[in-house]
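Working notes, beginning with the structure itself.
Numbering (the numbering used here), first residue to last: 1318 to 1479.
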């Protein structure tokens, strides 16, 4: 795992000046399955079909300091606007025990899942963390943000990509 983390960090530094990465997203991203915290699987398309809310999908890992720093802002956004916009956090590399402990420590209550095989992460074109995707109310991928977010930027991007 440390080697993967180092490769992701190197790639993210190289990628940082290359734009949003939206051009690297697979056509079937919204239909790629991932695991939910309860062990079931779903897709972004299925989540969107439940109630038509826009979805913010945040990829994170316990070893990613910027990911952990932005999670309280994602939680605050969820508490303020969760009835309008669904927040989903996808852990990409950690064991459920490790990620669950960090989630509990941070008091995270938004929807959580895992992408242990990396299929969703690869389809999103993520090369570093954190990465946040915005799915609009029509159920289409509207934007991919590479790098950390704070509450102010999260509000701006959510409003722009509803």
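Every residue, glycine too, gets a C-beta built ideally from N, C-alpha and C.
Closest by C-alpha distance to residue i, when choosing among the options
| i | options | result |
| --- | --- | --- |
| residue 1473 | 1363, 1378, 1398 | 1398 |
| residue 1430 | 1356, 1343, 1346 | 1356 |
| residue 1452 | 1384, 1432, 1401, 1423 | 1401 |
| residue 1405 | 1455, 1364, 1416, 1465 | 1364 |
| residue 1467 | 1440, 1423, 1407, 1391 | 1391 |
| residue 1464 | 1360, 1351, 1454, 1384 | 1384 |
| residue 1369 | 1454, 1437, 1461, 1417 | 1454 |
| residue 1438 | 1417, 1461, 1421 | 1461 |
Residues sharing a beta bridge with residue i, DSSP
| i | result |
| --- | --- |
| residue 1450 | 1374, 1461 |
| residue 1406 | 1375, 1429 |
| residue 1352 | 1358, 1431 |
Contact belief for residue i with residue j at Cβ below 8 Å, rounded distance in angstroms
| i | j | result |
| --- | --- | --- |
| residue 1373 | residue 1426 | Rounded, the Cβ-Cβ distance is 14 Å, inconsistent with contact. |
Proximity of residue i and residue j at Cβ, strictly below 8 Å
| i | j | result |
| --- | --- | --- |
| residue 1471 | residue 1394 | yes |
| residue 1419 | residue 1358 | no |
| residue 1348 | residue 1366 | no |
| residue 1447 | residue 1381 | yes |
| residue 1376 | residue 1346 | no |
| residue 1342 | residue 1442 | yes |
| residue 1388 | residue 1353 | no |
Classification of residue i by the beta-carbon crowding that lies within 10 angstroms, buried from 16 upward
| i | result |
| --- | --- |
| residue 1477 | exposed |
| residue 1414 | exposed |
| residue 1412 | exposed |
| residue 1444 | buried |
| residue 1344 | exposed |
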